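Structure, as structure tokens:
Number of protein chains: 2
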Amino acid sequence: MPPVLVVGSVAYDSVQTPYGTVEEVLGGSATYFSVAASFFTKVCLVACVGRDFRRQDLQVLERHNVDLEGLEIVEGHTFRWRGKYGHDLNDAQTLDTQLNVFANFSPKIPHRYREISHIFLANIDPLIQRKVLAQVKQPVLIACDTMNYWIEGHFESLLETLKRVNILIVNDAETRQLAQEPNLVRAARRILDWGPKALVVKRGEFGALMFQKDAAGHGLSIFGAPAFPLESIFDPTGAGDSFAGGFMGYLAGLGRTDTQAIRQAIIFGTVIASFNVEQFSLERLKNLTFTEIGMRYRQLREMTSFEDIADGAGL
Amino acid sequence: MPPVLVVGSVAYDSVQTPYGTVEEVLGGSATYFSVAASFFTKVCLVACVGRDFRRQDLQVLERHNVDLEGLEIVEGHTFRWRGKYGHDLNDAQTLDTQLNVFANFSPKIPHRYREISHIFLANIDPLIQRKVLAQVKQPVLIACDTMNYWIEGHFESLLETLKRVNILIVNDAETRQLAQEPNLVRAARRILDWGPKALVVKRGEFGALMFQKDAAGHGLSIFGAPAFPLESIFDPTGAGDSFAGGFMGYLAGLGRTDTQAIRQAIIFGTVIASFNVEQFSLERLKNLTFTEIGMRYRQLREMTSFEDIADGAGL
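Heads up: the sequence lines are chains A and B, in that order. Going by our numbering, the first sequence opens with residue 215, and the numbers climb by one from there. Going by our numbering, the second sequence opens with residue 215, and the numbers climb by one from there.
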């Protein structure tokens, strides 16, 4: 099964939501991505942590069969993030960020990883994203994330990275900000002109949209998926990265890039993210089973069908 | 083809959006509903206007085969609404409301209309909604809308109406406010305990969700549909009412209430609403064709499928 390579952060998070508070729990974009993707394929992780990184947290990754040769353990402290969510749970308020050892992160891709075909560049400096790409030999599918900080301060560098990326995975606000265009469809069209073959827009409780140029290159092919409706959302931290992990893990494992595969990958990303937000940190993903994933996938299929369906309750 | 009965407002709107301004154009919940529903079935309209109501606006309704026996023309001025939309186009800011003849509206259902099986109670006083229901003889499907004003000030009366309603069609914020519950799934569960067999939640650019109790009455059956992605939205006025019109018109015309029919009705509602917002007032609906409706319906089917699909562009 073709593995997926992820480069991003491994962190300790302190998070406050209306449902509780946790201190210094395992987090980071690459961590959420890795555990999410591990349900579908082998994951090779490139990141760095400090000497304070806990043995038990390494074991979380090991138990999910994540290859840790690329995880550098260096002198200093692990990246810390402190954030808070209000009642609507849509926007995190960052209270404190301590980059620590992540400030000097310069990813070195182990030789064994350089042939990997599926690559996810989590939300890091676009220059570092390109440094990763300079080290891989036969990429087939490169996806990346970014955020307002890079869009505002490193726009030209980000454009350079986008030229080399196949799939950009960002949220609603980032899409509009990147394209400087309030209409999402027009924003998507502009971004697809910059390089990516597909744009995946994460919209939290409103689901996800994917835009691709159609076969002729004129029109847009659009896919819309609802979020999995949940009665209790505990902590949205990591939703976007676990979505990306489910998405890329499925595509790498399957080894296909046709439209059907990519759409199903969005559904699997949606499913994994829906589980992730049910508990703090990686608590829910740690205990997630294939049966549960399959059940929500089928529920989403049922939830979006309006032709040739068996009748349910009716009115 | 079984007709649909609608009771609501016929108004003159003055609207300002980032794309332009119109003064005293045809509007009102029952107007948008009627023209939208007219693509699927015969519509019988109950409303009142003043002597200032223009002949050309009556003709818009007549050309869409709307039965106007229930449209009272009384001494005084037609209902006026003045509103404004900002750049995100999601929330209307009401600048002025003049109820005029609508202030004393007490709907009298013509005898010919009293056998109609499909009824839509647009956003009016819940007491008046019940007065309508007292005059109909064999309702099969009753749907209604409401708004924050009635939820805040006439809550008990609204609950009385909901006991007699089969489908409640409201927006996201109204759902949460009505149930006093920020989580949408839990809010839906609560509202379905009050009487309606189905709750349709309109979410603007994020599409629609429908909640029904499942056959066993324990769980929820949920349907999620994206909005039709548009590159230019001109004026959101009437989106909700044209959605309801497409939805109820399709169900009345089809004469079915099974789950598949209701889900398809949501798609047709979505389609009609997507056309409506492309121009001011009813300008777009006036010129809408069955071919265009069918095309967007099929596009939405294509846009939401992720199994057994023909391959498009891929990556």
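All C-beta atoms, glycine included, are put in the ideal place defined by N, C-alpha and C. Model, not experiment: these values are computed from the prediction.
The C-beta of Lys411 (chain B) comes closer than 8 Å to at least one C-beta of chain A. Between Arg390 (chain B) and the set B:Ile486, B:Leu406, B:Val239, the nearest pair of CA atoms involves B:Leu406. For Ile287 (chain A), the enclosing beta strand (DSSP E) begins and ends at 285-288.
By the Cβ test, the segment 260-275 of chain B is not in contact with the segment 505-525 of chain A, since fewer than three Cβ pairs between them sit closer than 8 Å. Boundaries of the beta strand (DSSP E) harbouring Glu238 (chain B): 234-241, taken from the DSSP string. For the segment 450-463 of chain A, the set of positions with a beta-carbon nearer than 9 Å to some beta-carbon of chain B is empty. Here the segment 244-261 of chain B makes contact with the segment 279-299 of chain B; the two share three or more CB pairs at distances below 8 Å. For Gly234 (chain B), no CB of chain A lies under 8 Å from its own CB, so it is not counted at the interface with that chain. Note that the segment 243-259 of chain A touches the segment 444-464 of chain A; at least 3 beta-carbon pairs, one per stretch, sit closer than 8 Å. When only Cα atoms are considered, Asn362 (chain B) and Val236 (chain A) end up about 37 Å apart.
Shown in chain order are the members of the segment 384-399 of chain B whose Cβ falls below 8 Å from a Cβ of chain A: Pro396, Asn397, Leu398, Val399.
Counting C-beta pairs closer than 8 Å gives three or more between the segment 324-338 of chain A and the segment 348-360 of chain A, which meets the contact rule. Excluding the 5 residues flanking it on each side, Phe504 (chain B) has same chain C-beta neighbours closer than 8 Å at Phe253, in chain order. Annotation: Glu329 (chain B) to Lys345 (chain B) spans about 15 Å, alpha carbon to alpha carbon.
The segment 446-456 of chain B makes contact with the segment 484-495 of chain B, as at least three CB pairs between them are under 8 Å. At least one CB atom of chain A sits nearer than 8 Å to the CB of Arg477 (chain B).
According to DSSP, residue pairing for Ile381 (chain B) in a beta bridge involves B:Ala357, B:Ala412. Within the segment 298-326 of chain A, those residues whose Cβ lies closer than 8 Å to any Cβ of chain B are, in chain order, His301, Asp302. Just measuring C-alpha positions, the residue of B:Arg498, B:Phe520, B:Ala441 sitting nearest Ala250 (chain B) is B:Arg498. Excluding its 5 nearest sequence neighbours in each direction, Gln230 (chain A) has C-beta neighbours in its own chain below 6 Å: Lys298, listed in chain order. The three-state secondary structure of Asp522 (chain B), taken from DSSP, is coil. Burial is judged here by how many other beta carbons sit within 10 angstroms of a residue's own beta carbon; Ser223 (chain A) has at least 16 and is buried.
Looking from the CA of Pro340 (chain A), the closest CA among A:Ser243, A:Trp364, A:Gly508, A:Met215 belongs to A:Trp364.
Collapsing the DSSP output to three states places His332 (chain B) in a strand. Residue contact check for Leu468 (chain B) against chain A: no CB pair falls below 8 Å. Ranked by Cα distance from Ser248 (chain A), the first of A:Pro232, A:Arg277, A:Ser435 is A:Arg277. Nearest CB-CB separation between Met517 (chain A) and chain B: below the 8 Å threshold. When the beta-carbon positions are compared, Phe293 (chain A) and Ala225 (chain A) come within less than 8 Å of each other.
Each of B:Ala401, B:Val414, B:Gln478, B:Ala387 was checked against the Cα of Val379 (chain B), and the nearest Cα belongs to B:Val414. At the C-beta level, Val384 (chain A) and Thr360 (chain A) come within 8 Å of one another. Shown in chain order are the members of the segment 421-440 of chain B whose Cβ falls below 9 Å from a Cβ of chain A: Gly421, Leu423, Phe425, Gln426, Lys427, Asp428, Ala429, Ala430, Gly431, Leu434, Ser435, Ile436, Phe437, Gly438, Ala439, Pro440. Beta-carbon to beta-carbon, Pro443 (chain A) and Ile436 (chain B) are separated by about 5 Å, close enough to satisfy the 8 Å threshold. Taking a contact as a CB-CB distance under 8 Å, the pair Ser446 (chain A) and Val239 (chain A) does not count as one, their CB atoms being some 19 Å apart.
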